[in-house]
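In what follows, a single structure is set out as structure tokens and then discussed.
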Amino acid sequence: MKKLTLLFLFISTSIFAQTEYKVLQSETLQDSRQIKIQLPRNYNNNTEKSYPVFIVLDGDYLFEPVAGNVDYYSYWEDMPESIVVGVNEVGKRRKDTEYDKETFLPTKQGAEFFEFIGLELLPLIDKNYRTAKFAIIVGHDLTASFMNYYLLKEDPLFKGYINLSPDYAPNLKERVADALNASESKTWYYLATSTDDVESLNESNKQMNELLKTIDNEKFYYYFDNFEEATHYSLVGRGIPKAIESIFSIYRPINQKEYEDQVLTTKGTYYEYLVDKYETVSELYGLDIQVRINDFIYIADAIEISKEWDQYKDLGKLANDEHPNKMLGSYFLARYYEETGNAKKAMKEYQNAFALEEASYLTKDMMLKRIEQIKQDFGY
């Protein structure tokens, strides 16, 4: 019975995202703070992998919906696996977001909390966990406004900002717009309100949307939602997944819509489209990820439809580099040789593919049939 219990516990930490609860003693705040940390599935097994970080203000109620969506979307590879850190602010959020009534910049505990996030919490996470250089911050009304102060720094700590019905401090909208307009670093900015939001916040955020739409900066990625019939609180549940989908739209695997709208209509080769997609992911998010089998299959389908057989040669070499144990690369090269008239080399590549692991619809039975077909067609 003990062995079964131990096995169950081991499996659960491997399959599910892991949440840690910590109490941090802050020198800046002269106070302790409760922190929640969700690590990605199999974090302990992927020792060479680094992960983006989500800092979630109002972690007492925002952490779970953010962590749940991050775990769900990363499970389906629609976003990279990420570390989610929630900062509980029960009874402290008003002082944490305090600003001066003349300068409208953080003051007193607001200034201390600002430094706590940047000088204590983020460095602590970077020191103790494998983090990538891509951090996102999330907040709701007061904390959503507060987190925008990081945009005013010369070298902002965060690349992504998920603003859920922010209650902007005076002059902050204009300051943020000016900073984003002049920014030389890539910034993702999501803003959400709703028709049943607090009326003053809905109007303020629609005004902010009009302001941000005028920004002409190729490094600024902006997304806005005004949800129908959502309240100030229910918009949170709709805004978080929309923000994730928007910020990581380029990261997602190729789907049928991207295939039809972009892959098939690309001005370059299909192979170049695939390479460019992953180079863009690396450039935007600072993440070097393995080319997905799903994406290889979509590119191969495009080659089959267009009969651009020469593109199979480069695709096969890339597949062999990315998935050396899978039959993808050998199959693509076999198709190249088969369609360009080199039956002998095609049969050899099909034989090589047969000895490797199956991938998607590519099976050992399929390789055997291909080999037999070549033998019949060419008299081997």
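Going by this note's numbering, the letters in the sequence shown line up with residues 621 to 1000, in that order.
Note that CB positions come from ideal geometry on N, CA and C, so glycine has one too.
When you compare only the Cα positions, how much space is there between residue i and residue j?
| i | j | result |
| --- | --- | --- |
| T885 | E928 | 14 Å |
| D881 | E718 | 47 Å |
| L938 | R955 | 15 Å |
| D817 | Y769 | 23 Å |
| N829 | L800 | 13 Å |
| F766 | D678 | 11 Å |
| Q910 | Y891 | 15 Å |
| Y957 | Q931 | 11 Å |
| E774 | S980 | 47 Å |
| E942 | E838 | 31 Å |
| I835 | E865 | 22 Å |
| K877 | G730 | 45 Å |
| I1065 | Q650 | Because the chain here runs from 621 to 1000, residue 1065 falls outside it and cannot be looked at. |
| V690 | S646 | 27 Å |
| Y879 | D915 | 9 Å |
| E701 | N940 | 25 Å |
| A687 | P861 | 11 Å |
| V796 | D680 | 27 Å |
| I756 | N822 | 23 Å |
| N972 | Q996 | 19 Å |
| Y781 | F734 | 15 Å |
Mind reading off the beta-carbon distance from residue i to residue j? Whole number of angstroms is fine, and I expect it under 8 Å.
| i | j | result |
| --- | --- | --- |
| T639 | I655 | Not a contact, Cβ separation roughly 11 Å. |
| Y905 | F754 | 5 Å |
| D761 | P786 | 6 Å |
| L784 | G859 | 5 Å |
| L811 | F844 | 5 Å |
| A589 | S814 | Outside the displayed range of the chain (621 to 1000) lies residue 589, so it cannot be described from this structure. |
| I703 | P743 | Contact doesn't hold; Cβ gap of about 14 Å is too wide. |
Grouping DSSP H, G and I as helix and E and B as strand, with all else coil, what is residue i?
| i | result |
| --- | --- |
| L821 | helix |
| I870 | coil |
| S805 | coil |
| G1013 | No answer is possible for residue 1013: the residues shown for the chain start at 621 and end at 1000. |
| S652 | strand |
| D816 | strand |
| K622 | Model confidence at K622 stands at a pLDDT of 33, short of 50, so the residue's coordinates are unreliable; what they give is reported in the following sentence. Correct three-state label for K622: helix. |
| F844 | strand |
| G837 | Note on identity: in this sequence residue 837 is Asn, with Gly being the wrong assignment. DSSP places N837 in coil when its eight states are reduced to three. |
| E992 | helix |
| T763 | helix |
| V901 | helix |
| S632 | Interpretation of S632 is limited by its pLDDT of 40, a score under 50 that renders its predicted location unreliable; the figure taken from the coordinates is listed afterwards. Correct three-state label for S632: helix. |
| L627 | Confidence at L627 is low in this model, with a pLDDT of 38, below 50, so the placement of that residue is unreliable and no value is reported for it. |
| L744 | helix |
| Q931 | helix |
| K793 | helix |
| L884 | coil |
| I675 | strand |
| H854 | For the sequence presented, residue 854 should be read as Ser rather than His. Reduced to three states, the DSSP call for S854 is helix. |
| Q910 | coil |
| Y663 | coil |
Could you tell me if residue i is buried or exposed, where buried requires 16 or more neighbouring beta carbons within 10 angstroms of its beta carbon?
| i | result |
| --- | --- |
| L629 | Its pLDDT being 38, under 50, L629 is placed unreliably by the model, and the measurement read from it follows with that caveat. Classification for L629: exposed. |
| K793 | buried |
| G857 | exposed |
| P672 | buried |
| P790 | exposed |
| R990 | buried |
| L626 | Because L626 carries a pLDDT of 34, less than 50, the predicted location of this residue cannot be relied on, and no value is offered for it. |
| D716 | buried |
| S950 | buried |
| G961 | exposed |
| N748 | exposed |
query = Should the stretch 702 to 714 be called in touch with the stretch 908 to 925, which here means at least 3 C-beta pairs below 8 Å?
reply = no
ask   = Is there contact here, the stretch 899 to 917 with the stretch 715 to 731, by at least three beta-carbon pairs under 8 Å?
value = no
request  = Say whether the stretch 856 to 874 touches the stretch 686 to 701, bearing in mind that this needs 3 or more beta-carbon pairs closer than 8 Å, one atom from each stretch.
outcome  = yes
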